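What follows is a single structure, written as structure tokens, with notes after it.
Numbering (our numbering), first residue to last: 144 to 450.
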């Protein structure tokens with residue numbers, strides 16, 4: 144018999160919640176959020192959602208807006224609290240120069256090149272980034288290598304074909320050999336593995352977070368800031384509304400509305416290392432400033448656990 148069920152963000156399954164309540168198991172929603180896109184739809188279904196929300200003992204929401212929305216949908220105010228976003232509670236990462244050089248060697252990246260890393264990219268986005276890369280490269284003062292990290296590595300052949308059709312030199316992470324070096328103009332490294340995003344962000348001069356130039360909703364916008372890297376993202380970040388707003392306000396990230404703006408902002412940052420460093424440090428400061436959600440959340444969770 145579980146002491147507690149913790150549900151994260153938005154994974155509220157009605158039958159599961161009803162069954163937990165019937166068995167007398169407390170339910171707590173942590174890091175809860177309701178996106179701008181979902182809220183109008185949920186509000187129309189309030190009469191169905193309210194009985195499900197009554198199964199919960201506590202709602203630990205990411206922002207005050209999320210707290211107000213869950214209350215509007217039928218959660219009791221006394222059970223709802225804005226505890227903050229758990230994504231800010233991550234240890235900052237600092238690497239020395241030798242570690243950065245070692246990682247560049249691992250990925251066969253030239254030490255004197257500028258590195259643009261695009262993480263969690265989606266179908267339709269790689270074509271935009273490919274076009275942007277060809278425009279950016281001649282406008283920066285050193286050779287530029289782009290690293291693409293598709294959200295779904297199984298798309299690697301599709302992405303590789305797109306790059307080759309565009310006349311770019313493509314290397315797959317799993318096919319790299321010790322003799323490879325992505326030093327020629329038009330070199331792109333495609334990461335067809337999982338779990339290497341932070342390693343690649345660590346060697347980047349500039350990071351772009353995918354799922355945002357196409358209407359996906361974005362992905363984790365804070366990972367680049369953990370490594371003090373400047374970050375760009377597109378207009379479609381409704382799944383990370385609060386974080387995107389805070390990054391822009393802090394001067395740690397830039398929202399670009401289209402590919403043309405992505406090109407201009409990329410050129411500016413790749414030419415201006417002082418501004419890039421300032422953006423990265425602003426991102427680190429933002430993470431520290433907004434930490435503490437884990438402790439606030441655990442105050443609620445611990446009520447239902449017998450240690």
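Glycine is no exception: its CB is placed at the ideal position from the N, C-alpha and C atoms.
Keep in mind it's a predicted model, so treat the numbers as computed, not measured.
Exercise. Assuming residue 216 and residue 193 form a contact by the criterion Cβ under 8 Å, report the distance between their Cβ atoms to the nearest whole angstrom.
Key: 7 Å
Quiz item: Nearest CA to the CA of residue 374: which residue from 435, 237, 350?
Solution: 350
Quiz item: The alpha helix (DSSP H) with residue 334 in it runs from where to where?
Solution: From DSSP, residue 334 is part of no alpha helix (DSSP H); its letter is neither H nor E.
Quiz item: Over what stretch of residues does the alpha helix (DSSP H) that includes residue 444 continue unbroken?
Solution: 436 to 444
Quiz item: Can you name the residues that DSSP bridges to residue 150?
Solution: 172
Quiz item: What are the residues that DSSP puts in a beta bridge with residue 314?
Solution: 332
Exercise. Would you tell me roughly how many angstroms separate the C-alpha atoms of residue 335 and residue 383, rounded to the nearest one?
Key: 25 Å
Quiz item: Beta-carbon separation of residue 203 and residue 440 under 8 Å?
Solution: yes
Quiz item: residue 353 and residue 381 look like a contact to me (Cβ under 8 Å); what is the Cβ gap, rounded to whole Å?
Solution: Incorrect: roughly 15 Å between the Cβ atoms, too far for contact.
Quiz item: For the alpha helix (DSSP H) that residue 402 lies in, which residues bound it at each end?
Solution: 402 to 414
Quiz item: How far does the beta strand (DSSP E) with residue 398 in it reach, from first residue to last?
Solution: 396 to 398
Quiz item: So the alpha helix (DSSP H) residue 387 belongs to, where does it begin and stop?
Solution: 384 to 393
Self-check item: Opposing strand residues paired with residue 293 [DSSP bridges]
Solution: 264
Exercise. Using a threshold of 8 Å, state whether the C-beta atoms of residue 434 and residue 231 are closer than that.
Key: yes
Self-check item: Range covered by the alpha helix (DSSP H) that runs through residue 190
Solution: 189 to 196
Quiz item: With a Cβ-Cβ cutoff of 8 Å, do residue 147 and residue 406 count as a contact?
Solution: no
Exercise. Just mark residue 206 as buried or exposed, buried being the case when its beta carbon has 16 or more other beta carbons within 10 Å.
Key: buried
Exercise. Decide if residue 348 is buried, meaning its Cβ has at least 16 other Cβ atoms within 10 Å, or exposed.
Key: buried
Practice problem: Report yes if the CB atom of residue 171 is closer than 8 Å to the CB atom of residue 247, and no otherwise. | Solution: no
Practice problem: Starting from residue 159, follow the beta strand (DSSP E) in both directions and report where the run begins and ends. | Solution: Careful: residue 159 lies outside any beta strand (DSSP E), inside the alpha helix (DSSP H) at 157 to 165.
Quiz item: From residue 316 to residue 421, what distance separates their C-alpha atoms?
Solution: 31 Å
Quiz item: Measuring CA to CA, which of 432, 300, 223, 251 is closest to residue 288?
Solution: 251
Quiz prompt | Proximity to residue 209 [Cα-Cα], best of 199, 369, 224, 399 | solution = 224
Quiz prompt | C-alpha gap between residue 259 and residue 290, whole angstroms | solution = 6 Å
Quiz item: Is the CB-CB distance between residue 273 and residue 318 below 8 Å?
Solution: no
Practice problem: May I ask which residues mark the beginning and end of the alpha helix (DSSP H) holding residue 245? | Solution: 240 to 249
Exercise. Find out if the Cβ-Cβ distance for the pair residue 387, residue 426 is shorter than 8 Å.
Key: no
Exercise. In the DSSP assignment, find the unbroken alpha helix (DSSP H) run with residue 302 in it and report its ends.
Key: 299 to 308
Quiz item: Between which two residues does the beta strand (DSSP E) carrying residue 366 extend?
Solution: Segment 366 to 369 is the alpha helix (DSSP H) holding residue 366; no beta strand (DSSP E) there.
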